[in-house]
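Heads up, the working numbering is the position in the sequence shown plus 43, with the first residue counted as 1.
For every residue, glycine included, the Cβ atom is placed at its ideal position computed from N, Cα and C.
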Amino acid sequence: MKNNMDLPITISPMDTGDIREVSAIEQITFREPWPAESFLTELQTNRLAHYLVARLNDRVIAYIGSWIIIDEVHITTLAVAEDYRYRGIATRLLQALIEEVSSQQPRSYTLEVRPSNTAARRFYEKHGFTVCGRRLHYYSDEDALIMTRLPWGGEKRRKREGGTRREN
Numbered sequence: 044m045k046n047n048m049d050l051p052i053t054i055s056p057m058d059t060g061d062i063r064e065v066s067a068i069e070q071i072t073f074r075e076p077w078p079a080e081s082f083l084t085e086l087q088t089n090r091l092a093h094y095l096v097a098r099l100n101d102r103v104i105a106y107i108g109s110w111i112i113i114d115e116v117h118i119t120t121l122a123v124a125e126d127y128r129y130r131g132i133a134t135r136l137l138q139a140l141i142e143e144v145s146s147q148q149p150r151s152y153t154l155e156v157r158p159s160n161t162a163a164r165r166f167y168e169k170h171g172f173t174v175c176g177r178r179l180h181y182y183s184d185e186d187a188l189i190m191t192r193l194p195w196g197g198e199k200r201r202k203r204e205g206g207t208r209r210e211n
């Protein structure tokens, strides 16, 4: 499908009423999907969790989840309903998440991705993420690549604070 950033979607915090639609997307998208109860636990008891949904005509078509851990935002999940992929919705969700958590002044964003998920890897690379490590046996059938990026404007802040990264 054609990339269309003009789809009239709305982005808002996920609530428990969204779980049925989120879970349906989850089941179709991932080889090892989270059960609906995991989303309920995230929303009701995990104080670190921050989830957003994208809606089109009051229907959930995508979601993103993260944990805010001190000064790091760890992206736990991102999925778009099959009929709406490659239309800029994931980009809009990622941008909305970054805007929402910017008041926390994160120093980095991290996530895990399957090495075999080339579409997701390309998406994250397009948005400034780079591979920085590997988690062995993270998934039942393969390792995970750890990807990270600085916050937008983070490079300037790091220099201002006197931190520079040296490669040996």
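Burial state of residue i, where buried means 16 or more other Cβ atoms lie within 10 Å
i: residue 200; result: Low confidence applies here, because residue 200 scores a pLDDT of 42, under 50, leaving its location unreliable; read the following figure in that light. Looking at its Cβ environment, which holds fewer than 16 other Cβ atoms inside 10 Å, residue 200 is exposed.
i: residue 68; result: buried
i: residue 129; result: exposed
i: residue 49; result: exposed
i: residue 180; result: exposed
i: residue 188; result: buried
i: residue 61; result: buried
i: residue 55; result: exposed
i: residue 113; result: exposed
Residue(s) in a DSSP beta bridge with residue i
i: residue 11; result: A query on residue 11 cannot be resolved here, the shown segment of the chain reaching from 44 to 211 and no further.
i: residue 176; result: 189
i: residue 152; result: 116, 192
i: residue 121; result: 107
CB contact flag (residue i, residue j, <7 Å)
i: residue 57; j: residue 96; result: yes
i: residue 150; j: residue 172; result: no
i: residue 65; j: residue 111; result: no
i: residue 2; j: residue 132; result: Shown here, the chain extends from 44 to 211; a query on residue 2 therefore has no answer.
i: residue 125; j: residue 157; result: no
i: residue 139; j: residue 123; result: no
i: residue 53; j: residue 90; result: no
Limits of the unbroken beta strand (DSSP E) element including residue i
i: residue 109; result: 102–112
i: residue 187; result: 187–192
Proximity test, residue i beta-carbon vs the ligand HEM heavy atom, cut-off 6 Å
i: residue 56; result: Looking at this structure, you won't find the ligand HEM or any other ligand, since it has none at all.
Host alpha helix (DSSP H) of residue i (start-end)
i: residue 66; result: 62–72
i: residue 79; result: 79–88
i: residue 129; result: From DSSP, residue 129 is part of no alpha helix (DSSP H); its letter is neither H nor E.
i: residue 168; result: 161–169
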